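Here it is, written out as structure tokens:
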């Protein structure tokens, strides 16, 4: 289901009637900025390094991770 040219024209005409010709360019600009910001946030979500922000929290997370790995190994050995 995609939008064809007639549907896009109808949407633009309705937007023009609702917001008027003076506010429509500003609305388009702010929508574009919001979408770009959202995409940047999504792309950079996994790039953050916790060690830069809070070293103690990074140490705690590392110890929790190593404990979980040990527990998993013990469970696997018990099952074998």
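In this note's numbering, the protein residues as written are -9 to 70. The beta carbon of each residue, even a glycine, is placed where N, CA and C say it ideally should be. Just so we're clear, the structure is a prediction, and the values are computed from it rather than from any experiment.
*Indicate the three-state DSSP secondary structure (helix, strand or coil) for residue -7 in the structure shown.*
Three-state result, residue -7: coil.
*Rounded C-alpha distance that separates residue 46 from residue 22*: Their backbone Cα atoms lie some 39 angstroms apart in a straight line.
*Hey, how far is the Cα of residue 2 from the Cα of residue 31?*
If you take the alpha carbons of residue 2 and residue 31, they lie about 28 angstroms apart.
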